[in-house]
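According to this note's numbering, the residues represented by the sequence shown are 416 to 501, in order.
These notes are about the structure you will find just below.
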Amino acid sequence: MAAINLRDRDGLHGRLEYVRCPVLWLHGANDALSPVVSAEEEIRLFKNSPDARLAVVKDGQHVLSYSHPQDVERAVAELVAKYHRN
Numbered sequence: 416m417a418a419i420n421l422r423d424r425d426g427l428h429g430r431l432e433y434v435r436c437p438v439l440w441l442h443g444a445n446d447a448l449s450p451v452v453s454a455e456e457e458i459r460l461f462k463n464s465p466d467a468r469l470a471v472v473k474d475g476q477h478v479l480s481y482s483h484p485q486d487v488e489r490a491v492a493e494l495v496a497k498y499h500r501n
């Protein structure tokens with residue numbers, strides 16, 4: 416429901432064109448609430464991001480930080496390392 420509100424009520428889709436930073440979308444392969452195909456469609460909406468990518472976590476559930484915390488930590492650390500500037 417929160418995602419639907421963000422998208423529809425709060426107009427998130429209408430603002431995605433202004434996102435100009437890297438986007439990493441982590442999605443559980445076994446997410447019972449939101450199928451991977453939805454994430455595949457949504458990530459394409461970040462047209463002005465220099466690097467918008469979807470990473471599907473094998474056996475992942477809806478709340479990846481709970482079901483696969485190591486995968487989330489690794490993915491975020493890799494993203495930060497890739498774009499971190501001293």
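The C-beta atom is built at its ideal place from N, Cα and C for all residues, glycine as well.
Source: prediction; values computed, not measured.
Report task. Would you kindly work out how many angstroms separate the C-alpha atoms of S464 and H483, rounded to a whole number? Result -> The residue given as residue 464 occupies position 49 in the sequence shown. The residue given as residue 483 occupies position 68 in the sequence shown. Their Cα atoms are separated by approximately 26 angstroms.
- Quick one: residues in its chain with C-beta nearer than 8 angstroms to the C-beta of S453, no 5 flanking neighbours on either side, listed in chain order? Here the question's residue 453 lines up with position 38 in the sequence shown. Closer than 8 angstroms at the Cβ level, and outside the excluded window around S453, lies no residue.
Report task. Classify E457 as buried or exposed, calling it buried when 16 or more other Cβ atoms lie within 10 Å of its own Cβ. Result -> Within the sequence shown, the letter at position 42 stands for residue 457. Taking a 10 Å sphere around the C-beta of E457, we find 16 or more other C-beta atoms and assign the residue as buried.
Pull up the DSSP beta-bridge partners for V471, would you. Locating residue 471 in the sequence shown gives position 56, counting from the first residue. As DSSP reads the structure, V471 sits in a beta bridge with H442.
Give the straight-line distance between the Cα atoms of V438 and A447, rounded to the nearest whole angstrom. Taking the sequence shown and counting its residues from 1, one reaches residue 438 at position 23. Taking the sequence shown and counting its residues from 1, one reaches residue 447 at position 32. Straight-line Cα distance between these residues: approximately 23 angstroms.
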